[in-house]
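Going line by line, the protein sequences match chains A and B. Anchor point for the first sequence: position 34 equals 34 in the working numbering, and the numbering is continuous, going up by one each time. Whatever position you read off the second sequence (first residue = 1), add 76 for the working numbering. Scroll down for the structure; my scribbles are underneath it.
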Amino acid sequence: MARVVVDVVLKPEILDPQGQAIVGALGRLGVHGVTDVRQGKHFELDVDDSVDDETLGRLADTLLANPVIENFTIRR
Amino acid sequence: MRVGVVTFPGSLDDRDAARAVRIAGAESVALWHADPSLHEVDAVVLPGGFSYGDYLRCGAIARFAPVMESVIAAANDGLPVLGICNGFQVLCESHLLPGALIRNDHRKFVCKEQLLRVDNAATAWTTEYREGQEIVIPLKNGEGGYVADEHTLDELEAEGRVVVRYLNGNPNGSQRDIAGICNAAGNVVGLMPHPEHAVEALTGPGTDGLGFFLSLVGVLA
Chain A
1 MARVVVDVVL
11 KPEILDPQGQ
21 AIVGALGRLG
31 VHGVTDVRQG
41 KHFELDVDDS
51 VDDETLGRLA
61 DTLLANPVIE
71 NFTIRR
Chain B
77 MRVGVVTFPG
87 SLDDRDAARA
97 VRIAGAESVA
107 LWHADPSLHE
117 VDAVVLPGGF
127 SYGDYLRCGA
137 IARFAPVMES
147 VIAAANDGLP
157 VLGICNGFQV
167 LCESHLLPGA
177 LIRNDHRKFV
187 CKEQLLRVDN
197 AATAWTTEYR
207 EGQEIVIPLK
217 NGEGGYVADE
227 HTLDELEAEG
237 RVVVRYLNGN
247 PNGSQRDIAG
257 ICNAAGNVVG
267 LMPHPEHAVE
277 ALTGPGTDGL
287 GFFLSLVGVL
297 A
């Protein structure tokens, strides 16, 4: 059994309105100097050793992320 | 003539879609997300709502529902399929249509009567309209911003696959004011606005949406 982490973020060219809202809220905390925020998703998968990297890649590419608008990284 | 309307957990507009099908003169057939059978329908409507609570991404879980395996196979064989709002999102997640829908650029849910222009009156769902015809139907979504890469957008424009476009201002940040598109064959159409909410004068801004359903009935007849 291993813990696999998949992080998904919107591609740089895709608008992230939630990130923009967070930038605005950070300003209201009195913190200045944060110029941009990109919000993403963090998945933690407990997987059997029998699940190979190719399969994990397929899971990320077909369900966890939408490759049309998102990039992902997998850490085993 | 049998038109299936799929109900996913979280679908909202399946009953209105079924009603629009009946008003257009066809028989509506309820299809259930967990049942892979299409029950010999002649067309399918994927209705609006929040399938699977919009978990993960809008339409991402619905795409793997048992009924969708059958819908995807049948759509690739030419079955007319209309995806409205969440149904459009499901079609994009299923790769039956290119691109994706993201959160509205202004971050707010939009609910309004929306002016549209029909740019393609040759799809299975738009033959009742004239090319260039302006129609008003309701728009209601939080994640209706249509995005695709430049190459895909150029291809959609060149092939006349932008079916409807927003007029009088872009309500959600959709690229090139795109409100709806079709596949290359024209049998699969997806759009964010809701034609099924504009089929009776009593309950909608008018009856401009009925043409989508009358088109299908005409094409299948």
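All C-beta atoms, glycine included, are put in the ideal place defined by N, C-alpha and C. Keep in mind the model is a prediction, meaning the values are calculated, not measured.
Expressed to the nearest angstrom, what Euclidean distance is found between the alpha-carbon atoms of Leu232/B and Leu29/A? Translated into the one-based positions of the second sequence, residue 232/B becomes position 156. Translated into the one-based positions of the first sequence, residue 29/A becomes position 29. In this model, Leu232/B and Leu29/A are separated by some 44 Å (Cα to Cα).
Cutoff 8 Å; reference Thr83/B; Cβ partners in own chain excluding five residues on either side | The residue labelled residue 83/B in the question sits at position 7 within the second sequence. Hits under 8 Å: Asp90, Ala106, Leu107, Trp108, His109, Pro123.
Of the choices Val9/A, Ala60/A, Thr73/A, Arg75/A, whose alpha-carbon is the least far from that of Arg38/A? Taking the first residue of the first sequence as 1, we reach residue 38/A at position 38. Among Val9/A, Ala60/A, Thr73/A, Arg75/A, the Cα nearest to that of Arg38/A belongs to Val9/A.
Quick one: which residues of the stretch 32-43 of chain A get their C-beta closer than 9 Å to a C-beta of chain B? List them in chain order. With the criterion set as a beta carbon lying under 9 Å from some beta carbon of chain B, the members of the stretch 32-43 of chain A are Lys41, in sequence order.
Indicate the three-state DSSP secondary structure (helix, strand or coil) for Thr202/B in the structure shown. Here the question's residue 202/B lines up with position 126 in the second sequence. Coil at Thr202/B, not helix or strand.
Would you please verify whether the beta carbon of Ile148/B is less than 8 Å from any beta carbon of chain A? Residue 148/B sits at position 72 when you count from the first residue of the second sequence. Closer than 8 Å: no.
* To do: Could you name the residues of the stretch 44-73 of chain A whose beta carbon sits closer than 8 Å to any beta carbon of chain B, in the order they occur along the chain?
  => From the stretch 44-73 of chain A, only Leu63, Leu64, Asn66, Val68, Ile69 have a Cβ closer than 8 Å to chain B.
### Query
chain B beta carbons: is any one of them nearer than 8 Å to that of Ala21/A?
Counting from one through the first sequence, the residue named residue 21/A turns up at place 21. Interface residue, yes.
Practice prompt. Report back the beta-carbon spacing between Thr73/A and Asp16/A to the nearest angstrom; my notes put them in contact at under 8 Å.
Written response: Within the first sequence, numbered from 1, the residue matching residue 73/A stands at position 73. Within the first sequence, numbered from 1, the residue matching residue 16/A stands at position 16. The C-beta separation of Thr73/A from Asp16/A comes to about 17 Å, leaving the pair out of contact by the 8 Å criterion.
For this session: Could you please give me the residues that DSSP links to Ile69/A through a beta bridge?
Result: Your numbering for residue 69/A matches position 69 in the first sequence. Answer is none; Ile69/A lacks a bridge partner.
If you run the structure through DSSP and keep just helix, strand and coil, what is Ile257/B? Working through the second sequence from its first residue, we reach residue 257/B at position 181. For Ile257/B, the secondary structure class from DSSP, reduced to helix, strand or coil, is strand.
request  = Look up Asn180/B in the DSSP assignment and say whether it is helix, strand or coil.
outcome  = Taking the second sequence and counting its residues from 1, one reaches residue 180/B at position 104. Looking at Asn180/B - three-state DSSP - the assignment turns out to be coil, as it is neither helix nor strand.
query = When the cut-off is 8 Å and only beta carbons count, does Pro77/A lie next to chain B?
reply = Outside the displayed range of chain A (1 to 76) lies residue 77/A, so it cannot be described from this structure.
Note to self: On a Cα-Cα basis, can you pick out the residue from Ile99/B, Ala176/B, Ala151/B that is closest to Gly249/B?
What the structure shows: On the second sequence, position 173 is the one that residue 249/B refers to. Of the listed residues, the one whose Cα sits closest to Gly249/B is Ala176/B.
Comparing alpha-carbon positions, which option in Gln165/B, Asn162/B, Leu172/B, Ala141/B lies nearest Leu155/B?
Here residue 155/B refers to the residue found at position 79 when the second sequence is read from its first residue. For Leu155/B, the closest C-alpha among the options Gln165/B, Asn162/B, Leu172/B, Ala141/B is that of Leu172/B.
(request) Mind checking the stretch 248-274 of chain B against chain A and listing, in chain order, the residues whose C-beta falls within less than 8 Å of any C-beta there? (result) Residues are counted here when their Cβ sits less than 8 Å from a Cβ of chain A; for the stretch 248-274 of chain B these are Gly249, given in chain order.
message: Any beta carbon from chain A within less than 8 Å of Gly159/B's own beta carbon?
response: Stepping through the second sequence from its first residue, residue 159/B is reached at position 83. Between Gly159/B and chain A, the shortest Cβ-Cβ separation is not below 8 Å.
**Item:** Three-way DSSP call (helix, strand, coil) for Thr279/B in this model
**Value:** Along the second sequence, one-based indexing puts residue 279/B at 203. Thr279/B: coil per DSSP, three-state reduction.
Tell me the start and end of each unbroken beta strand (DSSP E) in the stretch 87-147 of chain B that is at least 3 residues and wholly inside, in chain order. Taking only runs of at least 3 residues, the beta strand (DSSP E) segments lying wholly in the stretch 87-147 of chain B are 103-108, 119-122.
Please report the residue range of the beta strand (DSSP E) in which Phe43/A lies. On the first sequence, position 43 is the one that residue 43/A refers to. Counting along the chain, the unbroken beta strand (DSSP E) around Phe43/A starts and ends at 40-47.
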